[in-house]
Amino acid sequence: MDLSLSTRNVSGPGGDRTVVEVGGEIDVYTAPKLREQLVELVNDGMYHLVVDMEGVDFLDSTGLGVLVGGLKRVRAHEGSLRLVCNQERILKIFRITGLTKVFPIHTTVDEAVAATD
1 MDLSLSTRNV SGPGGDRTVV EVGGEIDVYT APKLREQLVE LVNDGMYHLV VDMEGVDFLD
61 STGLGVLVGG LKRVRAHEGS LRLVCNQERI LKIFRITGLT KVFPIHTTVD EAVAATD
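If you count the sequence shown from 1, position 78 lands on 78 in full-length UniProt numbering, and the numbers rise without skipping.
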């Protein structure tokens, strides 16, 4: 399965955010596409990202690594990276790896956009 990516800018109480909608599988084959997108956004000055993972069917360790790398990139610019995920099988991966302590995880995009840092 492929990976689909789209971005849009939204404004909320927490300020301007760039929402990256991700669909499909984030694995060793597709993760580089997500990495390129995150790097490009940060290089373009977008430091407050919301990664919408509601359409993600599968996530492996390579995908986790890309998300952690994205978080490091935005934090280097005093930014933030929030995740939107409400699928138990994906949330379980974040719990098992302890990444729920690293990433703010929200159930909706509106909730993530409204959050203040």
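The beta-carbon is built from N, C-alpha and C at its ideal position, and this holds for glycine as well.
Limits of the unbroken beta strand (DSSP E) element including residue i
i: E21; result: G15 to I26
Same chain, Cβ closer than 6 Å to residue i, neighbours up to 5 away in sequence not counted
i: G70; result: L38 and L81
i: S4; result: G23 and G24
i: N9; result: T18
i: T107; result: N86
i: G79; result: Y47 and H48
i: residue 120; result: With the chain covering 1 to 117 only, the question about residue 120 has no answer from this structure.
i: D2; result: G24
Cut-off 8 Å between Cβ atoms - residues of its own chain near residue i, not counting five sequence neighbours on either side
i: A114; result: G12, P13 and G14
i: I105; result: R82, L83, V84, C85, L91 and F94
i: L41; result: T7, T18, V20 and L49
Nonlocal neighbours in the same chain, by C-beta distance under 7 Å from residue i, ignoring five residues either side
i: M53; result: V22, L83, V84, C85 and I90
i: A112; result: V50, R82, V84 and H106
Any C-beta of chain D under 8 Å from that of residue i
i: D60; result: Of the protein chains in the structure, only one exists, and it is not chain D.
Next on the checklist: So within the UniProt domain "STAS" (19–116), which uninterrupted beta strand (DSSP E) runs reach at least 3 residues, ignoring any that extend past its ends?
Outcome noted: For the UniProt domain "STAS" (19–116), the continuous beta strand (DSSP E) assignments of 3+ residues that do not extend past its boundaries occur at 48–59 and 80–84, in sequence order.
Checklist entry - Do the region 83–98 and the region 57–64 meet, that is, are 3 or more Cβ pairs less than 8 Å apart? => result Cβ pair count under 8 Å is three or more, so yes.
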